[in-house]
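Residues 85 to 675 in this note's numbering are what the sequence shown lists, from first letter to last. Beneath this line is the structure, given in structure tokens, with notes to follow.
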Amino acid sequence: MNPVQADVIITGAGLAGLTLARQLLLETDKTVLLLDKQENPPGKSMKVGESLVQLAGYYLYRTLDLEEHLLTSHFLKYNLRFHWKTTSGRHDYWEDVSSSAIRTLSNIATFQLDRNLLEEHLMKVHKENPRFTFIGGARNIKIDLATDGTDHKVTWATGAAAGPWVVDASGRPGILKRSLALEKKNQIQHGSTWAWVDGIVNYERFTHFSHKEMINHPKRQELGNFPFFLGTGHFCGEGRWFWVIPLHGKTSLGLVYDHSIVNPEEVSNGRKMLDWVAKDWPLFAEDFAKRKILDEGRFVNYSYDARQTIDASKWAITGEAGRFSDPLYSPGSDLIAIYNTLIVDAIQTKEAGDLEAKCSFFEQIMRVMYDAYIPSYQLSYNCLGDQETLTLKYTWELAIYFGFYVMPFVNQLFADRKFMTAYLRRFAIFGPINRTVQKLLHDYFDWKKANDLLGRAEPEHVEFYSIEPLRMSEKLFYEVGITTEQAEDKLDMHVERLREFARWIIAQVYASVVGDKRVLVNAAFINSIKLRDAMFDAEKMREHYARHADCEDVHQWNLNPFALENFVNTASMPMTSKSMEEKAMESAVTS
């Protein structure tokens, strides 16, 4: 039997493989062979990975030109919404739930994906292209990589193929990673159980208020009128969160947890998971008891790494076949977008010397983009249990994401060596600072828990964009079509913004530990903060501040230092004088 010939052979017809095929068919003249063990993927089983954020949203509707399909077949997403119970015990969405969210829709559209619908659409479109071939039912796939510059060989139970490039997108089976012994563990010990239920779980209706009272509730002055259920709902607790994602005619529900917080066996199937959540969040109990489970799944341990994902001998790995960090903030599809973009650029490279240099550099980028997420999941997952701490954590991470992930991607700069060399130097600055912030917030949460400072008697609603560095970072979405030099200038400004942001986060933590809002504007103290050295030790922090407590000079922030003042624990110290607070507010940028 003669092998099927193709310029690029892709193993795996999931999201990573199908989107890579789409990008190759749009941007190159290459022929593509896509193999999958299923005869007609995606099959009947449903898939997680439904919530898109800005980078992946842009990739799908702009880079891959899927805008019309996304807008007609999937819900437009209303951001990420985080929720916490109050201590009142009323179990009413309007009286017992605090929230932190962004009220306005993003300038970059994001979607709640029905993965099966999207993958069916991509397969249908691909099959209309004469440069595309799909072979289903390809079981026992083996990849034989050539070492002499000849074509790679791919075989399966009933056939064979050959081509210069092979990309493994086989998902968790990781065909190429296993055959090359590229498996690598990380320090994340998290699991997840999920289910899809019939109908829409519209949690803002979980209330004793009538429909008229609900739509006219005074809290809408803070929360707005856009349907909340269109957001990715995060119902949070220490080291865990429960997602609520709407799809047409059904809802995706899933619990993500740290093993030290939740016993995996207590949530080992969909019904047990829903029962567990209904006890943790009684708000859902009545609704869940009536829901029919349509499909379900679980991963006891879902996070892992890879030693390498691209090579100049013309092989690459994308999607879950290589690395996966955590579902919090939905980074999986983002990394697919970045990896696919770099892989397509490498495939188009003709000179061997250029390809060698590119693949070495692209591997560094792929590694850095993955590694940057790890401290968020490894060091501070406990922060999910507290609104203030998670708000500090998430806005910090989101500001980094807007500037260092989204802005370069929408300007097609990830494969630009000149820009990315400068980018990596700037990004490296935040490795130590980010670890400092994450560890500080982890320890701050533990301190609040030990001192019974978690939870609020009445709901608190936080607008993430009230935190100025994040609001200013969002403006980078509009910086499209800029030159490499302009992009570098934007990053320099962003670096300085993030330095100030980190300084304010540290000051916010100190303010609660000291018990005095004046900490937030004390110029001598704020100037004494060393971003890479900040550590949480309550007594040493009080001693540190005491050395500067007599300073009356107000620090000149480019942000509102009192954005989260409602969370500052002032039980042990007098409140900030109004005159000092007003003076500080006059110097803050609040427009």
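Cβ atoms here follow ideal geometry from the backbone N, Cα and C, with glycine treated the same way.
{"query": "Under 8 Å between C-beta atoms of Leu426 and Ala499", "result": "yes"}
{"query": "Cβ-based burial, Asp634 [other Cβ within 10 Å; buried from 16]", "result": "exposed"}
{"query": "Buried versus exposed, by CB contacts within 10 Å (16 or more), Arg602", "result": "buried"}
{"query": "Touch test, the stretch 340-358 against the stretch 157-174, Cβ-Cβ under 8 Å, three pairs minimum", "result": "no"}
{"query": "Cut-off 6 Å between Cβ atoms - residues of its own chain near Ala400, not counting five sequence neighbours on either side", "result": "Val251, Ile394, Ile427"}
{"query": "Endpoints, beta strand (DSSP E) assigned at Val546", "result": "545-547"}
{"query": "Cβ-Cβ distance between Ser409 and Tyr465 below 8 Å", "result": "no"}
{"query": "Ser675 - DSSP class collapsed to helix/strand/coil", "result": "In this prediction, Ser675 scores a pLDDT of 40, lower than 50, which makes its location untrustworthy; no coordinate-derived value is stated."}
{"query": "Buried or exposed (CB count within 10 angstroms, at least 16 for buried), Asn606", "result": "buried"}
{"query": "Neighbourhood of His632 by C-beta, 7 Å cutoff - its chain only, sequence neighbours within 5 removed", "result": "Asn606, Ala608, Phe609, Ser612"}
{"query": "Own chain partners of Glu297 with C-beta closer than 7 Å, once the 5 adjacent residues on each side are dropped", "result": "none"}
{"query": "7 Å Cβ shell around Leu197 - same chain, five flanking residues per side excluded", "result": "Glu134, Leu136, His158"}
{"query": "The stretch 587-598 touching the stretch 646-655, judged by at least three CB pairs closer than 8 Å", "result": "yes"}
{"query": "Buried/exposed call for Met85, threshold 16 Cβ in 10 Å", "result": "exposed"}
{"query": "Which residues DSSP lists as bridging Thr239, in chain order", "result": "Lys226, Ala244"}
{"query": "Presumed contact (8 Å Cβ cut-off) between Ala100 and Ile420, rounded CB distance", "result": "5 Å"}
{"query": "Cβ contact check for the stretch 637-649 and the stretch 549-557: 3 or more pairs under 8 Å", "result": "yes"}
{"query": "Reduced DSSP secondary structure (H/G/I, E/B, other) of Trp365", "result": "coil"}
{"query": "Backbone CA spacing between Phe166 and Tyr528 [nearest angstrom]", "result": "19 Å"}
{"query": "Backbone CA spacing between Pro366 and Thr291 [nearest angstrom]", "result": "12 Å"}
{"query": "Residues of its chain near Lys442, where Cβ-Cβ distance is below 6 Å and the 5 sequence neighbours each way are ignored", "result": "Ala430, Thr433"}
{"query": "DSSP-derived helix/strand/coil call for Trp278", "result": "strand"}
{"query": "Beta strand (DSSP E) segment containing Trp168, residue limits", "result": "164-169"}
{"query": "Glu350 (DSSP reduced to helix, strand or coil)", "result": "helix"}
{"query": "Cβ contact (3+ pairs, closer than 8 Å) linking the stretch 533-548 and the stretch 445-454", "result": "no"}
{"query": "CB-CB length for Gly403 against Gly255, believed under 8 Å", "result": "7 Å"}
{"query": "Segments of 3+ residues assigned as beta strand (DSSP E) that fall wholly inside the stretch 142-217", "result": "164-169, 181-185"}
{"query": "Straight-line Cα distance separating Arg451 from Gln522", "result": "20 Å"}
{"query": "Top-ranked residue by Cα proximity to Trp325, from Thr194, Trp168, Glu440, Asn191", "result": "Trp168"}
{"query": "contact_flag[the stretch 277-287, the stretch 329-346] where n(CB pairs < 8 Å) is 3 or more", "result": "yes"}
{"query": "Alpha-carbon spacing of His274 relative to Cys467, whole angstroms", "result": "15 Å"}
{"query": "Cβ distance (whole Å) where Ala40 is taken to contact Ala253 below 8 Å", "result": "There is simply no residue 40 to check, as the chain begins at 85 and stops at 675 in what is shown."}
{"query": "Buried versus exposed call for Ser263 [16 or more other C-beta atoms within 10 Å across all chains shown]", "result": "exposed"}
{"query": "Endpoints, alpha helix (DSSP H) assigned at Trp588", "result": "568-598"}
{"query": "Outcome for Val564 when other beta-carbon atoms lying within 10 angstroms are tallied against a minimum of 16", "result": "exposed"}
{"query": "Contact check, Thr473 vs Leu525, beta carbons under 8 Å", "result": "yes"}
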